[in-house]
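**Student:**
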Amino acid sequence: MTIFKVKLLAIMLCLVGLLGGCDRPIAPSGDSIEIRRVVSGQTVEIVNFGKNAQTAQTVRLIGIDAPDLQQQPWGMEAKQALEQLVGSQSVRWEFDIEKQDGYGRWLAYLWVGNQLVNEQLVASGYALAMPRSPNVKYQETLQRAQESARISGRGIWNSDRPMRQTPAEFRRQNR
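With my numbering applied, the sequence shown covers -16 to 158.
1) Does the segment 93 to 109 come into contact with the segment 128 to 146, if we say contact requires no fewer than three beta-carbon pairs (one atom in each stretch) closer than 8 angstroms?
2) For the segment 29 to 110, list the beta strand (DSSP E) runs that are entirely contained and at least 3 residues long, ordered along the chain.
3) So, L93 versus V74, is the Cβ gap smaller than 8 angstroms?
4) Count the other CB atoms within 10 Å of the CB of P150; is the residue buried (16 or more) or exposed (fewer)?
5) Do P117 and E81 have their C-beta atoms within less than 8 angstroms of each other?
6) When we look at the beta-carbon of G85 and count the other beta-carbons within 10 Å, is it buried (16 or more) or exposed?
7) For S23, which three-state DSSP category applies?
8) Tell me, please, which residues DSSP counts as bridged to R158.
9) Please classify S131: does DSSP put it in a helix, a strand, or coil?
10) With the cut-off set at 8 angstroms, would you say R44 and Q25 are in Cβ contact?
11) Applying the 10 Å Cβ sphere with the 16-neighbour rule, what's the burial state of A39?
What follows is the structure, encoded as structure tokens:
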């Protein structure tokens, strides 16, 4: 790598670091939910305490697209990353404009303490930032996290074993 490229990379990393500190999302004071299990790198089941019974409901993390479980090697790694972030604990959830999708899943941002879980998955390279209107509250935050992961070669951006297809392409090809 030439000295010019090294300097350019260093400048880009500094800019990403500086910009990453701007406009940080503030953890909501919303309701806590109990994670029952992690289904995939972008989906969890929560415990819902109804009137007479305890049932499970599905929550899809919004603003991201994680590799499909069958998408090797990243599908299982994304699921494990989400398990490490949320485990089987109580987390806070935050809705955007649409609260549920056409499949009846809740659409939410998850928070552990002051950390936006959706952002952490993208920043670690286990998911793509994938805003879907009208749920775009943290679009800029997620895009900055993705750019940082890409520049640093984390996770799916690792040049030694990159993700070859986006999750959407993989799902279309393997229906």
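Even glycine gets a Cβ: it sits at the ideal position worked out from N, Cα and C.
**Tutor:** Based on what the coordinates show:
1) yes
2) 37 to 44, 73 to 77, 89 to 95
3) yes
4) buried
5) yes
6) exposed
7) coil
8) DSSP, once it has assigned bridges, lists no residue as partnering R158.
9) helix
10) Residue identity check: residue 44 is Leu in the sequence provided, not Arg. It is a contact, given that the beta carbons lie within the stated cut-off.
11) exposed
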